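If you're matching positions, the sequence shown starts at 1329 in my numbering and goes up one per residue. Where a beta carbon is used, it is the ideal one built from N, C-alpha and C, also for glycine. Every value quoted in this text rests on a predicted model; they were computed, and no experiment measured them.
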Amino acid sequence: MAGRPRVGVLALQGDVREHARVLTELGADVSLVRRPTELSEVDGLVLPGGESSVIDKLARAFGMQEPVRAAIAGGMPMYGTCAGLILLADRITDGISGQETFGGLDVTVRRNAFGSQVDSFETDLAVPALGDPAVHAVFIRAPLVERVGPDVQALAALEDGRVVAVQRGALMGTSFHPEVTGEHRFHRRFLDIVRAA
Ligand code: GLN
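In structure tokens:
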């Protein structure tokens, strides 16, 4: 692929601008994706943080569920943060009634896994795949990866071992939000995946 990678941010709900800003700063040609035709014009897609049940409903209402699933099946690289990770999970726990995902990552993800007592927190995470320094991670009503399929790589875990970042091939997801902390290495990794795809 010559030149700048063309990537989209799924722009149905959530922190779309924050992702678009990081990707633009990293030199990508960024567009907002709401329709199947817009999806067909990008080589990779970011699924933002927000509310996964709302993004799911809007995706179905806008006729985006099947096209996104087809893109995943076709190998399009995708990176989901928080709600976006939930949307990439094959299985979810504590979804709202009838909540669906796009799927693609063989993981089980629990929504709002930290409960109402601990809505949000920040911590420094070692992420061997990214090297030093540690990632300063912000968790906001965050999900946890409870089960990791055999082909899925855990990229990061909390000190107690609970997994908060995963990758399988061209699909990557984090429970936290690098897009709000000036942490660009996950997005850079995503763009590398897009360039290689
Ligand atoms: N709790 C939200 C959900 O279930 C995710 C929160 C977030 O993206 N920061 O989708």
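Just curious, the alpha helix (DSSP H) that T1365 is in, first and last residue?
Run containing T1365: 1364–1367, per the alpha helix (DSSP H) assignment.
Taking the alpha carbon of R1397 as the point to measure from, which residue in P1364, V1473, D1479 has its own alpha carbon closest?
Here the closest residue by C-alpha is P1364.
By the 10 Å Cβ neighbour count, where 16 or more other Cβ atoms means buried, how is R1439 classified, buried or exposed?
Looking at its Cβ environment, which holds 16 or more other Cβ atoms inside 10 Å, R1439 is buried.
Would you tell me roughly how many angstroms separate the C-alpha atoms of I1383 and L1340, rounded to the nearest one?
Rounded to the nearest angstrom, the two C-alpha atoms are 6 Å apart.
Please state whether DSSP places I1527 in a helix, a strand or coil.
Absent from the model: residue 1527. The displayed extent of the chain is 1329 to 1525, so no value can be given.
Which residue marks the beginning of the beta strand (DSSP E) containing A1457, and which one marks its end?
Here A1457 belongs to no beta strand (DSSP E), and DSSP marks it neither H nor E.
May I have all residues whose beta carbon comes closer than 6 Å to any heavy atom of the ligand SAH, sorted in chain order?
Only the ligand GLN can be found as ligands here, which leaves the ligand SAH out of the picture.
What do you get for S1380, buried or exposed, if any count of 16 or more other CB atoms within 10 angstroms of its CB means buried?
Flag for S1380 reads buried.
By how many angstroms is the C-alpha of V1455 removed from the C-alpha of M1392?
Near 32 Å, if we compare the C-alpha coordinates of V1455 and M1392.
Can you give the Cα-Cα distance for L1486 and L1453, rounded to whole angstroms?
Going from the Cα of L1486 to the Cα of L1453 covers about 7 Å.
Could you give the distance in angstroms between the alpha-carbon of H1464 and the alpha-carbon of T1509?
Between H1464 and T1509, the C-alpha separation is close to 7 Å.
Please report the Cβ distance between D1479 and D1434, rounded to the nearest whole angstrom; I am assuming they are in contact, meaning their Cβ atoms lie under 8 Å.
Going by Cβ atoms, the distance from D1479 to D1434 rounds to 6 Å, so yes, they are a contact pair.
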